[in-house]
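Residue numbers (our numbering), protein chains in the order written: chain B, 1 to 110; chain A, 1001 to 1115.
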């Protein structure tokens, strides 16, 4: 039972444009959400988080939006850079355990 | 600040064998979680250790067990290995960010192949 879903396995974007990665969840008890980036042969690295009391959080080029009624979150990267090419995982948590999506592979084309 | 380190990076076992994976937490972290990432999937929660005790467990059988030591390092043990246990095993230690919530810091993982 996949409680966190990333329905787009891959995404290609031109350098300088916006990348939008989407994530849906099913459990209304989730109250904390994170995005991780993963390069090959490395562990996932933390990118940005948002708690359920907010609907937006920004950190430089990265913005996460949370729509609790739709149980949907998205990650916006503006402007996209070739170094952003990686697999992006969203994760959600009610407490100790994090539930991860299956990931979206982002390719930023120079 | 040292990050999360895992060993070994790769290993090959046969069905029925036992394996032990090791993890050193990032300095200043006191909680360790283990995740299994099968090919093409996201990480799946195995269990978490806090103060040397299991503090939450995912949907994994008892042949998956763990330990946390006083220095917050950890081990994941898997007995009676099955082919489906082939995966990347990720260790993550935790800190609290400005919002008071936990952020996982992952190691590079141990890739286990069961033949």
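For glycine and all other residues, C-beta sits at the position ideal for the given N, C-alpha and C.
Can you check whether the C-beta of residue i is within less than 7 Å of a C-beta belonging to chain B?
| i | result |
| --- | --- |
| residue 1083 (chain A) | no |
| residue 1016 (chain A) | no |
| residue 1106 (chain A) | yes |
| residue 1032 (chain A) | no |
| residue 1077 (chain A) | no |
With a 10 Å radius around its C-beta and 16 neighbouring C-beta atoms as the bar for buried, classify residue i as buried or exposed.
| i | result |
| --- | --- |
| residue 93 (chain B) | buried |
| residue 1083 (chain A) | exposed |
| residue 73 (chain B) | buried |
| residue 1062 (chain A) | exposed |
| residue 89 (chain B) | buried |
| residue 44 (chain B) | buried |
Who are the near neighbours of residue i in its chain, counting only those whose CB is closer than 8 Å to its CB and skipping five residues on each side?
| i | result |
| --- | --- |
| residue 107 (chain B) | 10, 11, 12, 13 and 85 |
| residue 18 (chain B) | 76, 77, 78, 79 and 80 |
Quick one: residues in its chain with C-beta nearer than 6 Å to the C-beta of residue i, no 5 flanking neighbours on either side, listed in chain order?
| i | result |
| --- | --- |
| residue 56 (chain B) | 65 |
| residue 1026 (chain A) | 1003, 1004, 1093 and 1105 |
| residue 1050 (chain A) | 1031 |
Excluding sequence positions up to five away, which residues of its chain have a Cβ less than 7 Å from the Cβ of residue i?
| i | result |
| --- | --- |
| residue 46 (chain B) | 34 and 36 |
| residue 1035 (chain A) | 1043, 1044, 1045, 1046, 1090 and 1092 |
| residue 1056 (chain A) | 1047 and 1048 |
| residue 103 (chain B) | 6, 87, 88 and 89 |
Consider the Cβ of residue i: report whether some Cβ of chain A lies at a distance smaller than 7 Å.
| i | result |
| --- | --- |
| residue 3 (chain B) | no |
| residue 60 (chain B) | no |
| residue 96 (chain B) | yes |
| residue 102 (chain B) | yes |
| residue 15 (chain B) | no |
| residue 33 (chain B) | no |
| residue 82 (chain B) | no |
Report the three-state DSSP secondary structure of residue i (helix, strand or coil).
| i | result |
| --- | --- |
| residue 22 (chain B) | strand |
| residue 1029 (chain A) | coil |
| residue 8 (chain B) | coil |
| residue 1103 (chain A) | strand |
3 or more residues per run - each beta strand (DSSP E) lying fully within the stretch 1065–1090 of chain A: Whole beta strand (DSSP E) segments, 3+ residues: 1074–1078.
Taking only runs of the beta strand (DSSP E) that begin and end inside the stretch 59–100 of chain B, which ones reach a length of at least 3 residues, in chain order? Runs found: 62–67, 72–77 and 86–93.
Kindly provide the ranges of any beta strand (DSSP E) runs that are 3 or more residues long and lie completely inside the stretch 22–57 of chain B, ordered along the chain. Entirely contained in the stretch 22–57 of chain B, the beta strand (DSSP E) runs reaching 3 residues are, in chain order, 32–38 and 45–51.
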